[in-house]
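Below: the structure, in structure tokens.
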Amino acid sequence: MGTGRRSRPGRARWRLLRRSLRRILTERSTPGRLGWAVAVGVFIAVTPLYGLHTLMGIGAASAFGLNRPLTLLATTFPLPFLQPALALGGLQIGAVTLTGEFLPVSLDTLHEHSFWSFSVLWTVGTVILGTLLGAPLGLLTVVMAKRYRRDRTRADPLG
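For the sequence shown, the working numbering assigns the number 64 to the initial residue and increments by one for each residue that follows.
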């Protein structure tokens, strides 16, 4: 019967879990790397490659030596209800960049352009939109991380 206290093996497992979680959450966690993690995650989140954001986030964070949990969190930046607006925004930014004018928003526009031309417009617009959203959010993360570190002598997310 239990005495209300954990057994020794239970406490050891709990300590191991806390230590592992702390290591994962604080990996590569300089303010600059945290900022880049957010910027890259948001950039990936804006891309129209739905369903691949998690894999792209893990791959990019690993390849560039960024904080993986934060990069993955940032890939969830555009909540599902924002995706149509981001898709349309990317398409319109691409159209203005490459043709100098906005695309009319109508079903006729879908029939007038090929899949290839939409893909090019969307890709160019997404790169620009991802940069415009990711860069300021990454810089904001750097500022916040520096303030946090300044205010605390030791970063301990599990506190």
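Virtual Cβ for every residue (Gly too), placed ideally from N, Cα, C.
- Under the three-state reduction of DSSP output, G114 falls in the coil class, being neither helix nor strand.
- Within the same chain, and ignoring the five residues on either side of I156 in sequence, the residues whose Cβ sits closer than 7 Å to its Cβ are G188, I191, L192.
- The continuous alpha helix (DSSP H) containing S182 extends over residues 178-214.
- The C-beta distance from L97 to T186 rounds to 28 Å, too long to fall under 8 Å, and the pair is not in contact.
- Around the C-beta of A124, 16 or more other C-beta atoms lie within 10 Å, and the residue is accordingly described as buried.
- Beta-carbon to beta-carbon, G120 and T134 are separated by about 5 Å, close enough to satisfy the 8 Å threshold.
- When C-beta atoms of the region 194-209 are compared with those of the region 91-107, three or more pairs fall below 8 Å, so the two segments count as touching.
- Within its own chain, no residue has a Cβ closer than 8 Å to the Cβ of S182 once the five positions on either side in sequence are excluded.
- Going by beta carbons, E90 and N130 fall inside the 8 Å limit.
- The residue from L80, T93, W77 with its alpha-carbon nearest to that of L202 is T93.
- For P94, the enclosing alpha helix (DSSP H) stretches over residues 94-109.
- One thing to note: A137 has its Cβ within 8 Å of the Cβ of A100.
- In its chain, beyond the 5 residues on either side, no residue has a beta carbon closer than 8 Å to the beta carbon of G122.
- 8 Å or more divides the Cβ of V206 from the Cβ of G153.
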